Amino acid sequence: MHSPLLALCAALALLAPPARALLLSATLPRSLAAPASAAASVAAEAPASTFSTFAKDMHTPCPIPAAGIAAATALMESGRLYRYNSPSPAECPVCEVEERLKAYTGHRHCLALNSCGSALYLSLLTAGAKPGDKVATNAFTFGAVPSAIWHAGGEPVYLETADNYVVCPDTLEATLAREEAKGEPVRFLMLSHMRGKIADLPRVAAICKARGVVLLEDCAHSLGVTFDGEHTGHRALSCGVSSQAYKMLNSGEGGFLLTNDAEVYAKAMVYAGCYENLMSKHRDAPPQSVFDKIDVLSIPNLSLRMHGVTAACITPQIDTLDARIKRYNERYARVEKAIRAMDGVRSVPVQLPQVGIVGDSIQFDVLGGANGLRNVEEADRFLELAKERGVTMGRFGHP
Ligand SMILES: Cc1ncc(COP(=O)(O)O)c(C=O)c1O
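Heads up: the sequence shown is residues -21 to -1, 1 to 378, going by mature numbering (1 follows the signal peptide of the UniProt record, and there is no 0).
The structure is reproduced here in structure tokens:
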């Protein structure tokens, strides 16, 4: 099992090219590799001034492209910020971003929302989750995921994580069997692709199918990540994508529910706040026959719609996803090589060969004990020393 105590994570997507070169050619070799190990760097306590530092604040997200700023400004000038206030679906920026994102991921339907947490919540509701239902999910994920389960009234059942940070199919199988034997079967799996790390999706999907468990995917960290050439989120009934500031799309806040199921999409529209005859204001409006199959009047309006300005900020970022992913992955390969060369590093998780990665952040495990960081204090000191050099890293499981 993966030890969260000494797993470290650094964001790479936020490094602009010139500064990144400094990180790789100077900061990494001199601050991290000169002491040649995480432990030695703590023991040496060398003053930060002797090292090159990385100047950019790694928590600064990518700026909104000029086209996004212009579209947002024009929208504000028009006053038509509410998605259902656009003169027509063809002119609606929220419809536009939905079309563009679903073209990117290959899903049939996309609903823009105020966050990915809302998308996960609606994934559960539209899949039929009821209060008290058991929902399995990764133990290693972000709090928004069990929070979405809580929001839907579900009971999370946590799955341990393997060394490569993903849910192990054998653990999944054993957990589902255990809960079934208790007479309290798990009804849903909310599989979180935490940090873009992808489990053995075909096996996970097959296990869920065999046991009647509905698979849902949290793609907050996996926009652009593929499995066997297919974008993530297609094995599930529906999935959520985030455009919160630290993701591949940045609108500060925002999210999307994507699905290939017209009924799920129609229900999600109504839950999100598409009321009365507003369905016709969607560019992708399901036919009446789909709404006839769902009890629209029994669905509450939860007001989870995306704001027009949010959509305007996101749309031009979709165009640059592939080029950015290429750059991030080249950078990832270089940083990964340097980290692997450090003494004291136990592992950098390796993804399955079927996965097309997005290297916007990097994680690694450091050794504990005599040859590594001996305790939590040393781990924290290591992080402090990295921070003094401008490299922000986190220790998993600890704020
Ligand atoms: C793994 C994971 N899932 C879901 C979410 C929820 O995304 P949002 O902030 O858009 O609600 C986050 C947020 O950072 C996340 O890290």
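C-beta atoms are modelled at their ideal positions from N, C-alpha and C, and glycine is treated no differently. Predicted model, so just to flag it, every value in this text is computed and none were measured.
Within 10 angstroms of the Cβ of residue 339, are there 16 or more other Cβ atoms? Answer buried if so, exposed if not. buried
Closer than 6 Å between the C-beta and any heavy atom of ligand 1: which residues qualify, listed along the chain? 94, 95, 96, 120, 121, 123, 124, 171, 173, 197, 199, 200, 221, 223 and 234
Problem - Contacting residues, own chain, Cβ-Cβ under 6 Å from residue 201 (five flanking each side not counted) - result: 172, 175 and 211
Quiz item: Applying the criterion that 16 or more other CB atoms from any shown protein chain within 10 Å of the CB defines a buried residue, is residue 229 buried or exposed?
Solution: buried
Report task. Compare the C-alpha of residue 87 against each of 143, 318, 95 and 215 and name the closest. Result -> 215
Which residue marks the beginning of the beta strand (DSSP E) containing residue 135, and which one marks its end? 134 to 138
Practice task
Work out the CA separation of residue 353 and residue 169 for me, nearest whole Å.
Solution key: 35 Å
Strand pairing of residue 354, partner residues [DSSP]: Paired residues: none, contrary to the question.
For residue 112 and residue 167, believed in contact at Cβ under 8 Å, the rounded distance: 7 Å
| In whole angstroms, what separates the C-alpha of residue 359 from that of residue 374? | 8 Å
- Is it true that the CB of residue 91 sits closer than 8 Å to the CB of residue 227? no
What's the C-alpha gap between residue 363 and residue 370? 9 Å
Margin query: According to DSSP, residue 334 sits in a beta bridge with which residue or residues?
Written below: 206
### Message
Only counting the same chain, and skipping five residues up and downstream in sequence, which positions put a Cβ closer than 6 Å to that of residue 155?
### Response
165 and 190
* Under three-state DSSP, which class holds residue 248? -> helix
Check your understanding: Between the segment 49 to 57 and the segment 284 to 298, do three or more beta carbon pairs fall short of 8 Å?
Key -> yes
Report task. Give the range of the beta strand (DSSP E) segment to which residue 270 is assigned. Result -> It is not in any beta strand (DSSP E) - residue 270 instead sits in the alpha helix (DSSP H) that spans 267 to 271.
Indicate the three-state DSSP secondary structure (helix, strand or coil) for residue 229 in the structure shown.
coil
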